[in-house]
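Number of protein chains: 2
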Amino acid sequence: MASSKDVAKRAGVSQPTVSRVINGSTNVNKETIEKVQRAMEELNYRPNLIARSLKQQKTKSIALISGALHNPFFVDSTTTIVNVAKAHGYRTLVYFEEQGNNEAVYEEVLKQQVDGIVLSSIFIDDPVYRELEHSKIPFVMFNRRHQLGGNFVEIDNEKAGVLATNHLLELGHSKVAWIGGPTNCSTFHGRLLGYKKALGGIVKGNWIKETNTTEEAVIDAVDQLLALDEPPTAIFAATDAMALSCQSYLMNKGYRIPEDMSICGMDDIPMSRHAAIQLTTVTHEASKPMGQYAVEHLLHLINSSKEVKEDMQVTLRPRLIARHSSGVKN
Amino acid sequence: MASSKDVAKRAGVSQPTVSRVINGSTNVNKETIEKVQRAMEELNYRPNLIARSLKQQKTKSIALISGALHNPFFVDSTTTIVNVAKAHGYRTLVYFEEQGNNEAVYEEVLKQQVDGIVLSSIFIDDPVYRELEHSKIPFVMFNRRHQLGGNFVEIDNEKAGVLATNHLLELGHSKVAWIGGPTNCSTFHGRLLGYKKALGGIVKGNWIKETNTTEEAVIDAVDQLLALDEPPTAIFAATDAMALSCQSYLMNKGYRIPEDMSICGMDDIPMSRHAAIQLTTVTHEASKPMGQYAVEHLLHLINSSKEVKEDMQVTLRPRLIARHSSGVKN
DNA sequence: CTCTTTTATGAATACGTATTCATAAAATTA
DNA sequence: TAATTTTATGAATACGTATTCATAAAAGAG
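Just so you know, the protein sequences line up as chains A and B, in that order.
Residue numbers for the first sequence follow our numbering, beginning at 18 and rising by one.
Residue numbers for the second sequence follow our numbering, beginning at 18 and rising by one.
Laid out in structure tokens, this is it:
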């Protein structure tokens, strides 16, 4: 690959002059510009971003630490984040974090010298928070938050839990189960809290199923619920992905949705709208996607010169979308 | 951020010695190693991969130019490719290529100094092929191929088209439509060819709908088919994503699947198995995902010292999975 | 004890770029 | 015309690492 030195030699100028042409500096002779541009074309020159990053001490790239794409929620958010970052001239390094080993990913990311991090896989009491804070790299949490605050965009999960549960209660279901993920995630924590709140005192421990969010675990949870003396007639699944697993498994077992079991999810993934699915779900009311808040604020943090940066703490209001996976108890 | 120089100073050694410790060189005193490691910990040192890349003239990273994630097919392949690369110590830069502007993405990628490229968004006669060849960067095409050959993994799309169409014919459907994407993609090209082949002479031009693969375009195509004097009773949609769009739209219009319309897709995305969807589809027979072939061969190309590298041209055999979105014509 | 080999280390350098500083030439002002 | 400012350019350097080369010390061979 041709370097700026090669271009310089061919154009009969010095390397800094080539650099100036590349970066559109003023104060460079028009004829010189043309000479250099010609040489660049002839040599098929492309600036080496690695070298540039080293010199400038910034990479114009951010890291996205996302949940696995098996959950369609992260599909949309990943697309949003990558595209918004790109529109601002930033490249995104995408990491798909499976359960738990945040430390390893975090180590990886730091070595890459990214200018900032969007983090969606963090636990409420994750020690990684302190380390990130200490590293001085700007970071924004997305969808989940940490107990210590910081920058985040989230949905009001507790209110969402209340909305979903109340919806099912209002349809006449008194036996409503909760299936979710680890409650050391702020999302599941909040959604469970809302569920309990809506139910008031009458919460039964074995109606609450905390899984690892995999399809197998969800199926297992459903089986356990069905085996109860008093099986529930409605399920609030804490994500649409889990709701779909419930729905498919129950249908395969001959259950009709919603006649034999009402289901409410959360996230409003695109598939939920499919005519054969029609999943009742909870989403947020904001006019732009959550990921966009995250990236925009992250870039603000990166490019702000102020020593003390203001926090962004956005909690979006939830909204219920009633479709046909939930119905009146018969 | 502390540099290896800082570590060297603190440990009372030279910078190259720190470098040796980092890279596990032999011939370095045990006590020195310990001194250096202690200094690294105390300073919270992390090697700067940008600097390393510049020096070594390789980035240990590959680019994946994928179709947009709205198509679930690319969700799975992206996951596979990122994870396999990671398992081999390579980082993946992910690009989501919308229709057509391959050139721009390609320019971007070259500047990043990646060691290799997995390319899934390429047209049969894409000029980008020549440029990539000229750039000397190893690249492997994934899912789609180019007319000039090169390295690729694909499904036998023509045979897949035959399989799908024959399946519908065997169910008694004589009026089978095709809905697909741009036929300058090898995938759609082949699938259409197979469709025509299976139908023999009796192909009607207005049963063939070439769209841009968006939901709106697919809906439009379905509308056009329904408006025909002789509307088809079965549709072969060239991807599952498009098949789902057909299915949802038709159901919303009151059609029953498969009683009023049989649908066959292709790709076997996870959603196709959902009890409420039950999409008949075509997939491949291989024991490992296509993306894995692509990455493994790409890494082979990158690390092979031979001047002349052998091509990898894999065409996987297709297999029909009959579910309940297709049925006997009534 | 001398000569040779091995081990352990540092000095110098290169990767490709952007940036600072100095300076010559040109343009402007008085 | 002389003095000053502006414009255009190159030389030198830095970013953080890995690598080559030289060399001093230690170990082994005779």
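We treat Cβ as the ideally placed atom computed from N, Cα and C, and that holds for glycine.
Exclusion of the five residues before and after V235/A leaves I196, T228, M259, S262, C263 as the residues of its chain whose Cβ lies within less than 7 Å of its Cβ. For R108/A, the number of other beta carbons within 10 angstroms of its own is at least 16, and it is reported as buried. W195/A is bridged by DSSP to I225/A, F253/A. By the CB criterion at 8 Å, I139/B and I154/B fall outside the cutoff.
According to DSSP, R273/B shares a beta bridge with no other residue. Against chain B, a Cβ distance below 8 Å from N160/A picks out nothing, because the smallest value is about 17 Å.
Bounds of any alpha helix (DSSP H) do not take in T332/A; it lies within the beta strand (DSSP E) bounded by 330 to 333. Counting C-beta pairs closer than 8 Å gives three or more between the segment 172 to 183 of chain B and the segment 316 to 336 of chain B, which meets the contact rule.
Here the C-alpha atom of V92/B lies approximately 46 Å from the C-alpha atom of K26/A. Taking C-beta atoms as the reference points, A293/A and S265/B count as a pair closer than 8 Å. In the structure shown, H105/A falls within a coil segment according to DSSP collapsed to helix, strand and coil.
DSSP lists V111/B, V135/B as the bridge partner or partners of L81/B. At least one CB atom of chain A sits nearer than 8 Å to the CB of Q264/B.
Exclusion of the five residues before and after L245/A leaves N223 as the residues of its chain whose Cβ lies within less than 7 Å of its Cβ. Look at the segment 279 to 294 of chain A: the residues with a C-beta under 7 Å from a C-beta of chain B are M288, H291, A292, A293, I294.
For the segment 80 to 92 of chain B, the set of positions with a beta-carbon nearer than 9 Å to some beta-carbon of chain A reads A85, L86, H87, P89, V92 in chain order. Scanning V30/A, L209/A, A68/A, V126/A for the CA closest to the CA of I79/A turns up V126/A. For Q54/A and V38/A, the gap between their C-alpha atoms comes out near 8 Å. Cβ proximity to chain B below 8 Å picks out L261 from the segment 229 to 262 of chain A. With a cutoff of 8 Å on beta-carbon distance, L86/A and T97/A are scored as not near each other.
Between the segment 271 to 288 of chain B and the segment 308 to 322 of chain B, the count of C-beta pairs closer than 8 Å stays below three; the two stretches do not touch. One finds L86 in chain A with Cβ atoms closer than 7 Å to the Cβ of T95/B, taken in chain order. Here E247/A carries a coil assignment [DSSP, helix/strand/coil].
Under the three-state reduction of DSSP, V30/B is assigned to coil, being neither helix nor strand. Counting only the Cα atoms, S289/A lies some 6 Å from Q295/A. Distances from the CA of L242/B to each of P33/B, L209/B, M278/B were compared; the closest alpha carbon is that of M278/B.
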